[in-house]
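Structure first, then comments.
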Amino acid sequence: MSAVAVSVAEAPLVSERRGFRQRWYRTPSFVAGASILGVIVLLAILAPLVTWHDPIQQDLVTILQGPSWSHPLGTDDLGRDIWARLVYSARTDLRIAFLAVVFPFIIGTLAGLVAGYFGGRTDTIANWLVSVVVAFPFYVLIIALVFALGPGTRNIYIAITIVGWVSYARIVRGEVLVQKRQEYVLAARAAGLSNTRIMVRHLLPNVITQAIVFSMSDIVLVILAIVTLGYLGLGVQPPTPDWGRMIADGQTYLTTNWELATIPGIAIVITALGLSLLADGLADLLRPE
Amino acid sequence: MTEPLLDVRDLRVEFSLARGTLRAVDGASFSVAPGEALGIVGESGSGKTMALRALVGLLPRTAKLAGGTVLFDGVDLAAANEDTLREIRGGSIAMVFQEPMTALNPVMKVGDQIAEGPLVRLGLGRRAARKRSLELMQLVGIPDPARRADAYPHELSGGLRQRVMIAIALSGEPKLLLCDEPTTALDVTIQDQILTLLSSLRERLQVSVVFVSHDLAVIAQTCQHVAVMYAGQVVEAGPVDTVFREPRHPYTLSLLRSVPDVDATRETLLTIPGSPPDLAEPPPGCRFHPRCPFVQLDCVHGEFPLRMLGGGRTTACIHHEACAADARRQPVVADA
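Heads up: the sequence lines are chains A and B, in that order. Taken in order, the first sequence gives residues 680 to 968; the numbers are from this note's numbering. Taken in order, the second sequence gives residues 353 to 688; the numbers are from this note's numbering.
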């Protein structure tokens, strides 16, 4: 074999950075966040198995009980098992939060992709829409929208989607503006690929990581929004259990049975903490080395 | 004399700036015969990259094709609409870029990138496209194609990445390859491999090549014809052997003289005095005259289009005899 052929044959598969798979367990924030969240999600999924009371079942004989074998966290003012309500609230709130992040994610990413790629008038219109929404504080706008549309889960989705898409659009548009100047986009155009193909197959995979990282932080905001709406009576409607509702219900008993309002509050904090840690960890891992 | 595959006449590319119009390419003409390699040589800012991109309508948003004809296989690309151009790009005309690291999609496997053309343009099924991709990888000399096809660009060495880019270019069965400094980013040994590969592909597949470079040695090794660009214009063209042995434009001569020679060492490097002109306000008359060692009074006014000399050569210089005589007196190229 000639020297040239040898050097080519031996050209190594040079791996320049450790992939996600090798690094995730070495990133403390990711592990911590994933663990916390994992536990909560698992409990939420297995709700019927880890609770033994119906969360909406009232028992006016055993109200405001302290912790016992039957009710590990006691009962509330209507005799409902707090532990069961806590776990089922997790189910409700996490499910709504997840969907309420997915819709803005999809809409915002598409908008950012198209606006960033085509520029010109499309971009101007998109930017104008974004400015309008961004002018209002996030929570105020959501609460106002739900108030206008009426309480209920469906309107939560609508309100959060209307407000939430802009962050994704901005992030994706920014990334697209950077990436579309890269040579591989020029090369794709030089290969005669259609705009759609370039946007979906080439740009999207390169810009979506930032949107994903943001979605982790976004879900924290969204959970807080849902819980706030619940507290104000505008969100998840009783009897469906919801952490915000639990806090509102327990408010009256703050001096006597502080655990009614505090326990769901702690649950919210722990969930938000888990999500934040996960977001941090994910940001670290997805950052190109 | 066979009909050229590509015939570019009086190409003009303009950028609109606040301070005026910048003519990046101002009347460039060159042609390529079927199965032949044309080198376009010039320093940075000569307009060579813009000329290349203008051929298939890939100019940046701020630039526009301001004139000229680009006859490719009987079709004037300068007048064609975007759909026609998109059909041709990646098909009969393909481009190879300078930096394979940035010209390949970092999050897509190389096998998929090579298969994309056949998949999308030729309408092949996924398995057929994959098979074609492996064939192409073999054609460009990538060892162990099946394993390499699943690699990402950052996992491959520079030489392999460039081979992948060439494979992508070949996937549409092009008649013309436009190469924009394809070996500049590679080290010399790999450069040699890639140039050899390009030459052998050109002969085997009878595909024409336009090879843009600032490196005279690379052009000399790879191309049959050369066009020298300065300040947005082609100032000399012809068969590479004769042009390099007996340049008939002072710029070509100065370029050749400035290349350091291992066999004839000097103490200081020879440079061309002055700097390239501002393309928004080029000098009057011959654009090279402020830096030209043979400059005369009549170089300062008028237009200097390419004029035909014998042997398929053209030059824009009206004092090309003096230039050629000087080249003969002090030969630049020891052997050609």
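Backbone N, C-alpha and C define an ideal beta-carbon position, used for all residues, glycine too.
> If we count the other Cβ atoms within 10 Å of its Cβ and call it buried at 16 or more, is B:Ile494 buried or exposed?
Replying inline: B:Ile494 is buried by the Cβ-count criterion.
> Shorter than 9 Å from the beta carbon of B:Thr454 to some beta carbon of chain A?
Replying inline: So yes, B:Thr454 belongs to the interface.
> Could you give the distance in angstroms between the alpha-carbon of A:Ile835 and the alpha-carbon of A:Pro783?
Replying inline: Those two C-alpha atoms are separated by around 12 Å.
>> Between which two residues does the alpha helix (DSSP H) holding B:His577 run?
In response: Per DSSP, B:His577 belongs to no alpha helix (DSSP H); it is in the beta strand (DSSP E), His577 to Tyr582.
> Near A:Asn885, what residues of its chain come up, given a Cβ to Cβ distance below 7 Å and the 5 sequence neighbours on each side ignored?
Replying inline: Cβ within range, chain order: Gln858.
> When you compare each of B:Pro628, B:Glu487, B:Ser444 and B:Gly510 to A:Ala870 by their alpha carbons, which one comes out closest?
Replying inline: For A:Ala870, the nearest C-alpha among the options comes from B:Ser444.
> So is B:Met660 buried or exposed if we call it buried at 16+ other beta carbons inside 10 Å?
Replying inline: Per the 10 Å Cβ criterion, exposed.
> How should A:Leu965 be labelled, buried or exposed, when 16 other C-beta atoms within 10 angstroms of its C-beta is the threshold for buried?
Replying inline: Result: exposed.
> Can you name the residues that DSSP bridges to B:Val445?
Replying inline: Note that residue 445 of chain B is Ile in the sequence shown, not Val. Listed as beta-bridge partners of B:Ile445 by DSSP are B:Arg441 and B:Leu528.
>> Quick check: is the beta carbon of A:His732 nearer than 9 Å to any beta carbon in chain B?
In response: Output row for A:His732: interface = no.
> If you run the structure through DSSP and keep just helix, strand and coil, what is B:Asp435?
Replying inline: If DSSP states are grouped into helix, strand and coil, B:Asp435 belongs with the helices.
> Sorted by chain position, which residues of the same chain lie with C-beta nearer than 6 Å to B:Thr354's C-beta, five sequence neighbours on each side aside?
Replying inline: Excluding positions up to five away in sequence, the list reads Ala385.
> Which residue or residues does DSSP assign as beta-bridge partners of B:Arg375?
Replying inline: Note: B:Arg375 sits in a beta bridge opposite B:Glu366.
> For A:Glu695, is the classification buried or exposed, using 16 other Cβ atoms within 10 angstroms of its Cβ as the cut-off for buried?
Replying inline: Its pLDDT being 39, under 50, A:Glu695 is placed unreliably by the model, and nothing is read from it.
> Considering only the beta carbon of each residue, do B:Ile520 and B:Glu468 sit closer than 9 Å?
Replying inline: Yes, the Cβ-Cβ distance between B:Ile520 and B:Glu468 is below 9 Å.
> Which chain B residues sit within Cβ distance under 8 Å of A:Tyr863?
Replying inline: Near A:Tyr863 (Cβ distances below 8 Å), the residues of chain B are Thr454, Ala455, Leu456, Asn457 and Pro458.
> Which bits of chain A does B:Thr447 rub up against, with CB to CB less than 9 Å?
Replying inline: Here residue 447 of chain B is Met; the residue named in the question, Thr, does not match the sequence. Within chain A, the residues Leu865, Ala866, Ala869 and Ala870 have their CB atoms less than 9 Å from the CB of B:Met447, given in chain order.
> Got a sec, what are the start and stop residues for the alpha helix (DSSP H) B:Val459 sits in?
Replying inline: Premise fails: B:Val459 is in no alpha helix (DSSP H) and is neither H nor E.
> Which residue from B:Gly394, B:Ala583, B:Asp464 and B:Ala503 puts its Cα closest to that of B:Gly379?
Replying inline: B:Ala583 is the residue among B:Gly394, B:Ala583, B:Asp464 and B:Ala503 whose C-alpha sits nearest the C-alpha of B:Gly379.
> Buried or exposed: which applies to B:Val614, given that a residue is buried once 16 or more other Cβ atoms fall within 10 Å of its Cβ?
Replying inline: Its Cβ having fewer than 16 others within 10 Å, B:Val614 is exposed.
> the stretch 434-446 of chain B: which residues have C-beta closer than 9 Å to a C-beta of chain A, in chain order?
Replying inline: Here the close residues are Leu437, Arg438, Glu439, Ile440, Arg441, Gly442, Gly443, Ile445 and Ala446.
> How is the beta strand (DSSP E) around B:Ile392 delimited, first residue to last?
Replying inline: Segment Ala389 to Val393, the beta strand (DSSP E) holding B:Ile392.
> Taking a cut of 8 Å between CB atoms, which residues from the stretch 463-476 of chain B lie near chain A?
Replying inline: Glu468, Gly469, Val472 and Arg473: these are the residues of the stretch 463-476 of chain B whose beta carbon lies less than 8 Å from some beta carbon of chain A, given in chain order.
> Can you tell which of A:Ala904, A:Glu938, A:Ser955 and A:Pro917 has the C-alpha that lies nearest to the C-alpha of A:Ala776?
Replying inline: The alpha carbon of A:Ala776 has as its nearest neighbour, out of A:Ala904, A:Glu938, A:Ser955 and A:Pro917, the alpha carbon of A:Ala904.
>> To the nearest angstrom, how far is the alpha carbon of A:Val809 from that of A:Thr801?
In response: Their backbone Cα atoms lie some 12 Å apart in a straight line.
>> For A:Ile926 and A:Leu872, what's the separation of their Cα atoms in angstroms?
In response: Near 55 Å, if we compare the C-alpha coordinates of A:Leu872 and A:Ile926.
>> Closer than 8 Å between beta carbons: that is the criterion. Which residues of the stretch 879-890 of chain A meet it against chain B?
In response: Those would be Arg880, His881, Pro884 and Asn885, in chain order.
> If B:Leu471 sits next to B:Arg479, beta carbons under 8 Å apart, how far is it from one beta carbon to the other, in whole angstroms?
Replying inline: The C-beta distance from B:Leu471 to B:Arg479 rounds to 10 Å, too long to fall under 8 Å, and the pair is not in contact.
> With burial defined as no fewer than 16 other Cβ atoms inside 10 Å of the residue's Cβ, what is the status of A:Trp844: buried or exposed?
Replying inline: Of the other Cβ atoms in all chains shown, 16 or more fall within 10 Å of the Cβ of A:Trp844; this residue is therefore buried.
>> Taking the alpha carbon of B:Val498 as the reference point, which residue from B:Val462, B:Thr401, B:Gly475 and B:Ile518 has its own alpha carbon closest?
In response: As written in the sequence, residue 498 of chain B is Ala, which differs from the Val given in the question. For the residues B:Val462, B:Thr401, B:Gly475 and B:Ile518, the minimum Cα distance to B:Ala498 belongs to B:Val462.
> Is any beta-carbon of chain B found at less than 9 Å from that of A:Ser647?
Replying inline: Nothing in the structure corresponds to residue 647 of chain A, since chain A is present only between 680 and 968.
>> Pairs of beta-carbons, one from the stretch 589-600 of chain B and one from the stretch 410-425 of chain B, closer than 8 Å: are there three or more?
In response: A contact is defined here as three or more CB-CB pairs under 8 Å, and the stretch 589-600 of chain B fails this definition with respect to the stretch 410-425 of chain B.
> In this structure, does DSSP put B:Arg659 in helix, strand or coil?
Replying inline: Secondary structure of B:Arg659 (DSSP, three-state): strand.
>> Using 8 Å as the cut-off, can you tell me whether the stretch 906-925 of chain A makes contact with the stretch 710-723 of chain A, which would need three or more C-beta pairs spanning the two stretches below that distance?
In response: Under the three-pair Cβ rule at 8 Å, the stretch 906-925 of chain A does not count as touching the stretch 710-723 of chain A.
> Hey, B:Leu605 and B:Cys675 are a contact pair by Cβ (cut 8 Å); roughly how many whole angstroms apart?
Replying inline: Yes, they are in contact, since the Cβ atoms of B:Leu605 and B:Cys675 sit about 6 Å apart, within 8 Å.
>> Taking the alpha carbon of B:Pro689 as the reference point, which residue from A:Thr832, A:Glu862, A:Leu757 and A:Arg770 has its own alpha carbon closest?
In response: Residue 689 of chain B lies beyond the stretch modelled for chain B, which goes from 353 to 688, so this question has no answer here.
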